[in-house]
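Notes follow the structure.
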Amino acid sequence: MSDFGERLREYIRDSADRKLTIGRMTVSRLAFFGVAAGILVAGVLALLFLVLSKKDKGLTFTRADVLSGYTYRMKDDLLSYRTEDRIYTYDAAKDVSTFYRIANIEGYDTSASMTVVYAGTQFKIQGAEKTLALQSGTILDVRAGKNYAALLYRIPVADRDERFIEIIRLDAQSREMQSVNTISFKDSEVVAFGFLDTGSTELLWVSTMDVGQFTEESIVRIYDCGNGGTMIHYTTPFYNQAIYNLYLSDRCLFMVGTQSIIRYDREDDGFSAERDRVRVYGSTIVDFSAGTETAYFIALPVAAEGEENSLVRLITISETDDLWSNVMQKYMPSPVVGAFLFNGTICVFTREDFLQFSFAGKKLLDLEPDYTPVAAFRYGADGFLVVTEQNCYRVTLD
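Okay, structure coming up:
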């Protein structure tokens, strides 16, 4: 009995040890599966969050008080267009539309502070005391600045037409127009002109072209409107290209031509000699933004008549003594309607999509707009204006 009892006690002890071991293994397995289940649930929740947040990212369209079916210009966050008897300006940031009734005019220009119209020898700044007329000549074009306007006109002399630009100041209080300076370009063709606001004064730039026997020479002159229209900068000739726009940053001045972007540094009240040149042949610059040490340009290839473009280029140019530049390009899935620099990214409206890229070229968004755009514009840091066949919309990126 004693041997049997001893074997029984050993069997009971062994059974208890096995149960304890099995229990511990069960707890361990339960703990393992619990952790795994927790990880799985967390992963599913994270995936749902990403999917839902991606769905929430989109474009909001709000109807704008803009008529469709016209030719539009965007300048100083103002969209302007002309109907048969009116000139409309739409302030996208304020969502306010205004108009001027007009008779027969040949052209106009707008800025944030004025609208200038002209016909024949007559011109007027809307809101000014009266209409003025040239003593002779015919007005070819106008530009509106902050406090100044510029008139390009021609006077026939001998066997050619001599070109002139007159700088007009609009007095903010009396609303009277005063002539500041008249500049002659008798030996040159004026191909482009406009204003730059430095903060302390306004500058008028004029790009001219001389056609020689073998080459075309383009020269840019810059005048200080606040100092009686005195010329403060005169470039050496640019051969076989025309300068069609100028951009000003805190550090540099960029002249954009049909072949190159030419950089100058700002020095006190003037500009340095040429510092750098970046080739952009075959492209048109459509947007510009400057950081602290780098300038960015959006370029679209010049499409042949009847062709559509699906390529967008980002041109990056250093503004420091360490001269460098870079070109990044992206092909779009359908023809480009508008391309912009927007909050440190590239945003593109095509006929079918809205796409957003980083400056490194990584796709950040690919959305299908609610409406099909035929034209698109950027305003400020807030959003876009999208024109469709029927309407115009203010568009924000949520």
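So our numbering is basically just the index in the sequence shown, starting at one, shifted up by 2.
Here a beta-carbon is modelled for each residue, glycine too, at the ideal position from N, C-alpha and C.
A quick note: this is a predicted structure, and the numbers were derived from the prediction, not measured.
Using the beta-carbon count (16 or more within 10 Å), is residue i buried or exposed?
i	result
Arg380	buried
Trp449	Because the chain spans 3 through 400 in this model, residue 449 falls outside it and cannot be assessed.
Leu325	exposed
Pro371	buried
Leu47	Unreliable placement is indicated for Leu47, whose pLDDT of 46 sits below 50; no coordinate value is reported for it.
Lys132	exposed
Lys401	Within the shown structure, residues of the chain are numbered from 3 to 400, placing residue 401 beyond reach of any answer.
Arg84	buried
Ser186	exposed
Ser202	exposed
Tyr150	buried
Gly340	buried
Arg281	exposed
Glu269	exposed
Tyr90	buried
Ser220	buried
Val118	buried
Arg223	buried
Glu204	buried
Gln283	This sequence places Tyr at residue 283; Gln is not what is there. Exposed is the call here.
Leu366	exposed
Gly147	buried
Ala194	buried
Ser336	exposed
Please go through the same chain and pick out, in chain order, the residues whose beta-carbon is closer than 6 Å to the beta-carbon of residue i, but skip the five residues on each side of it.
i	result
Val388	Pro375, Ala378, Tyr395 and Val397
Thr123	Ala135 and Leu136
Glu295	Glu321 and Thr322
Leu357	Val350 and Asp368
Asp384	none
Ser138	Ile157
Asp289	Ile300, Phe342 and Leu343
Gly231	Ile169, Val182, Asn183 and Tyr225
Met330	Leu316 and Gly363
Residues in its own chain within less than 8 Å of residue i by CB, not counting five upstream and five downstream?
i	result
Thr130	The question names Thr, but residue 130 is Ala in the sequence shown. So the list reads Leu172, Arg177, Glu178 and Met179, once near-sequence residues are dropped.
Asn242	Thr217, Glu218 and Gln261
Leu61	Phe356, Leu369, Pro371, Asp372, Val397, Thr398, Leu399 and Asp400
Ala33	Per-residue confidence for Ala33 stands at a pLDDT of 45, beneath the threshold of 50, marking its modelled position as unreliable; no derived number is given.
Asn229	Thr203
Gly272	Ile234 and His235
With DSSP run on the structure shown, which of helix, strand or coil describes residue i?
i	result
Gly231	coil
Tyr416	Any answer about residue 416 is impossible in this case: the structure gives the chain only from 3 up to 400.
Phe386	strand
Phe216	coil
Ala135	strand
Val304	coil
Ala130	coil
Asp400	coil
Gly196	strand
Tyr395	strand
Glu204	strand
Leu142	strand
Glu191	strand
I'd like the list of long-range same chain contacts for residue i, defined as Cβ closer than 7 Å, with 5 residues on each side in sequence excluded.
i	result
Lys332	Val314, Phe359 and Gly363
Ala160	none
Val338	Leu302, Asn311, Ser312, Val314, Val350 and Thr352
Arg103	Asp87 and Arg88
Thr64	Tyr395 and Arg396
Arg162	none
Measure from the C-beta of residue i to each C-beta in chain C and report whether the shortest distance is under 7 Å.
i	result
Leu302	Absent from the structure is chain C; it holds one protein chain and no more.
Legend entry - Within the segment 312-364, ranges of the beta strand (DSSP E) (whole runs, at least 3 residues): Taken in chain order, the unbroken stretches of beta strand (DSSP E) that lie wholly in the segment 312-364 and span 3 residues or more are 313-320, 327-333, 338-344, 347-352 and 356-359.
Inset, instruction - Pair every Cβ in the segment 63-72 with every Cβ in the segment 105-120, then say whether three or more of these pairs are closer than 8 Å. - result: Not touching, per the Cβ criterion.
Inset, instruction - Inspect the CB distances between the segment 306-314 and the segment 247-263 and report whether three or more fall short of 8 Å. - result: Segments in contact, no.
Inset, instruction - Could I get the ranges of all uninterrupted beta strand (DSSP E) runs contained in the segment 48-127, with 3 residues as the minimum, in chain order? - result: As far as the segment 48-127 is concerned, its whole beta strand (DSSP E) runs of at least 3 residues are 61-65, 74-77, 80-84, 88-93, 98-103, 109-112, 117-121 and 124-127.
Inset, instruction - Run through the segment 148-189 for me and flag every whole beta strand (DSSP E) of 3 or more residues, listed as ranges in chain order. - result: If only complete runs of 3 or more residues are kept, the segment 148-189 shows the beta strand (DSSP E) at 150-159, 162-172 and 179-187, in order along the chain.
Legend entry - Any beta strand (DSSP E) of 3 or more consecutive residues that is wholly inside the segment 223-299: Listed in chain order, they are 232-236, 245-250, 254-259, 262-269, 272-281 and 285-292.
Legend entry - Three-pair Cβ contact test at 8 Å for the segment 267-279 versus the segment 297-308: Verdict: no, contact absent.
Legend entry - Touching by the beta-carbon criterion (3+ pairs, under 8 Å), the segment 90-105 and the segment 141-151: Touching, no, given that fewer than three Cβ pairs across the two stretches are closer than 8 Å.
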